[in-house]
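A quick write-up on the structure given underneath.
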Amino acid sequence: MASSRPISIYRKIAITFIVLTLLLAAVVVYFSIVSVKIVIIPNKERTAANFLATVKDAKSQASPSGAVINGLVEKIFLSAEESFGALGKEVNSAEVVGTVTIYNKTNSDQPLIKTTRLLSPDDKLFRLKQTVRVPANGQLEKVEVYADQAAKEMAIAPTKFIIPGLNQTKQDLIYAESASPFEYRELGETLVSAEDLQKAKEILTKQLADKLQAMTAAPKYQNYDNVISKVNDNAIIFNTAAKLGDKVKEFRMSAATEAAIVAFNTNEVAELARQKVAESLPDDKRLESFDKNNFQYSVDKYDVNRGTADLKIEVAAQMVLKEGTEIIKADRLVGLNRQQLDDYLSSLREVAGYEVKFTPNWINKVPSLLDHIKVEVAK
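Numbering (my numbering), first residue to last: 281 to 659.
Rendered as structure tokens:
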């Protein structure tokens, strides 16, 4: 019996050693195969760039600096002339006028002399312009009346009037009604006002712009898919004999200026715009999409004598993360469970979506070994 006891102890030690070895092997295997792969779908971000480019005419000898686009820059002389009505007025007096229909529901004609009074419900007094005769059991339309006192508040809305000069019985049977508002008018001599001169300039300026725009339809511009007409409003010369305050009913004004037509092809601008927006991107971003029709441009300034015009170009595009960009540090993920991992990835502005694959698939916790955490950016 004594000899079998040491054998039992050795057996226990051996079994324990084997179990521990197996456990250690299992742990080693576990840590060697447990991994997580995260594929990031990058978010598309909007980006923009503004820059100047010079359109150079084929005949130009100029050597502009910066970006240059071949095209056409043409000098155009424009002129326009027209007569305008003077709407200003030197006010000497005013009047409030309108028309009424007078009703007579008696069996006798009713004469009403010039200046006969008409009284509104709010006690505003008006008078007849002319003597009239209202037929028995009839009516007289479009009878002209005027306010006893010419004030703006006398331009009243349609209403009913009594004729206070008649006795009370007749006032109920003979009365007047207006169908349209009365009008307040200022009376005086017509003259040229500052508004008249300004309005004439605005009309002539538009005529010059319209003439220039019509010229862009000429056959010589058909080789270009973008033709811009530009009038420098500050360079327009206006001429008129009329002066502020002249007492005339109409006046003439002319306008003349030097303008430009700038023509170029969109493809050339688009390629330049693509380069400029790509140059403006951060180091960790790449150009994802660019629509050559999704940019705006306008003539900033031009020099028709040199045959050049500066285009102000505004371009928009979309950018995404470059492949291989480290937007997620693996050590930030160590030990996170699936819910915590989802919350973290969803909080990143650069991430539009993601895919997570644990190995083995029953694992739901990020391993502690950094080299077992793989993050990729989808193409």
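From the three backbone atoms N, C-alpha and C, an ideal C-beta is built for every residue, glycine too. From a predicted model like this one, the values you see are computed outputs, not experimental measurements.
Contacting residues, own chain, Cβ-Cβ under 6 Å from residue i (five flanking each side not counted)
{"i": "T327", "result": "A597 and M599"}
{"i": "A360", "result": "L484, Q487, L488 and A535"}
{"i": "I320", "result": "V631, Y634 and V657"}
{"i": "P391", "result": "R413"}
{"i": "L453", "result": "K385 and T386"}
{"i": "V348", "result": "T334 and K336"}
{"i": "R554", "result": "F570"}
{"i": "E568", "result": "K324, Q598, M599 and V600"}
{"i": "K527", "result": "E469 and L471"}
{"i": "E421", "result": "T381"}
{"i": "A515", "result": "T537"}
{"i": "I295", "result": "none"}
{"i": "E362", "result": "none"}
{"i": "S331", "result": "First, the amino acid is wrong: residue 331 is Phe here, not Ser. Only K556 and I593 meet the Cβ criterion."}
For residue i, the residue or residues it bridges with in DSSP
{"i": "S315", "result": "T639"}
{"i": "D583", "result": "T588"}
{"i": "Q576", "result": "E594"}
{"i": "N644", "result": "Its beta-bridge partners do not exist; DSSP assigns none."}
{"i": "R363", "result": "According to the sequence provided, residue 363 is Ser. The question's Arg does not apply to it. R532."}
{"i": "Y383", "result": "Q419 and Y455"}
{"i": "R397", "result": "R407"}
{"i": "Y269", "result": "Here the chain comprises residues numbered 281 to 659, so residue 269 is not present and cannot be evaluated."}
{"i": "S665", "result": "Any question about residue 665 goes unanswered here, given that the chain covers just 281 to 659."}
{"i": "Y464", "result": "V376"}
{"i": "T334", "result": "V348 and D590"}
{"i": "S340", "result": "Looking at the DSSP assignment, S340 forms no beta bridge with any residue, so it has no partner."}
{"i": "V657", "result": "I320"}
{"i": "E482", "result": "Partner(s): none; E482 has no beta bridge."}
Beta carbon proximity, residue i to chain D, threshold 8 Å
{"i": "P647", "result": "Protein chain content of the structure displayed is limited to a single chain, and chain D is not contained in it."}
Per-residue burial, residue i [other beta carbons within 10 Å of its own, 16 or more giving buried]
{"i": "M281", "result": "With a pLDDT of 47 at M281, under the threshold of 50, the modelled position of this residue cannot be trusted; read the value that follows with caution. Exposed, by the Cβ-count rule."}
{"i": "N644", "result": "exposed"}
{"i": "K384", "result": "The amino acid at residue 384 is misidentified as Lys; the sequence shows Asn. Burial call: buried."}
{"i": "F297", "result": "exposed"}
{"i": "E475", "result": "exposed"}
{"i": "S340", "result": "buried"}
{"i": "L591", "result": "buried"}
{"i": "V665", "result": "Here the chain has residues from 281 to 659 only, and residue 665 is not among them."}
{"i": "E433", "result": "exposed"}
{"i": "E354", "result": "buried"}
{"i": "G365", "result": "exposed"}
{"i": "K523", "result": "exposed"}
{"i": "F406", "result": "buried"}
{"i": "I318", "result": "buried"}
{"i": "I393", "result": "exposed"}
{"i": "F462", "result": "buried"}
{"i": "K404", "result": "buried"}
{"i": "L471", "result": "buried"}
{"i": "L358", "result": "buried"}
{"i": "A427", "result": "buried"}
{"i": "L408", "result": "buried"}
{"i": "A497", "result": "exposed"}
{"i": "A431", "result": "exposed"}
{"i": "A266", "result": "No answer is possible for residue 266: the residues shown for the chain start at 281 and end at 659."}
{"i": "P438", "result": "exposed"}
{"i": "A329", "result": "buried"}
Cutoff 7 Å; reference residue i; Cβ partners in own chain excluding five residues on either side
{"i": "E630", "result": "P322, N323, L601 and I607"}
{"i": "L625", "result": "V631 and Y634"}
{"i": "P415", "result": "N384 and D389"}
{"i": "R566", "result": "M599, V600 and K602"}
Test item: CB-CB of residue i and residue j under 8 Å
{"i": "D505", "j": "T546", "result": "yes"}
{"i": "L492", "j": "A539", "result": "yes"}
{"i": "A521", "j": "R465", "result": "no"}
{"i": "N372", "j": "G525", "result": "no"}
{"i": "I508", "j": "T537", "result": "no"}
{"i": "L621", "j": "V636", "result": "yes"}
{"i": "T639", "j": "S315", "result": "yes"}
{"i": "V557", "j": "V595", "result": "yes"}
{"i": "Q410", "j": "I382", "result": "no"}
{"i": "K440", "j": "P401", "result": "yes"}
Cβ shell of residue i (< 8 Å), same chain only, five flanking positions each side left out
{"i": "V614", "result": "V646, P647, S648, L650 and I653"}
{"i": "S578", "result": "I508, L591 and K592"}
{"i": "Y501", "result": "L352, V507, I541 and A543"}
{"i": "T588", "result": "T334, V335, K336, D337, S340, A342, P344, V353 and Y582"}
{"i": "L367", "result": "T470, S473, E475 and D476"}
{"i": "N585", "result": "K355"}
{"i": "F575", "result": "V549, A550, A553, I593, E594, V595 and A596"}
So does the stretch 372 to 389 actually touch the stretch 449 to 461, counting three or more Cβ pairs closer than 8 Å? They touch, by the three-pair rule.
Would you call the stretch 527 to 534 and the stretch 549 to 559 in contact, with 3 or more CB pairs under 8 Å? In this structure the stretch 527 to 534 does not touch the stretch 549 to 559; the number of beta carbon pairs closer than 8 Å is below three.
So, does the stretch 441 to 455 touch the stretch 388 to 402, judging by three or more C-beta pairs under 8 Å? Under the Cβ criterion (8 Å, minimum of three pairs), the stretch 441 to 455 counts as touching the stretch 388 to 402.
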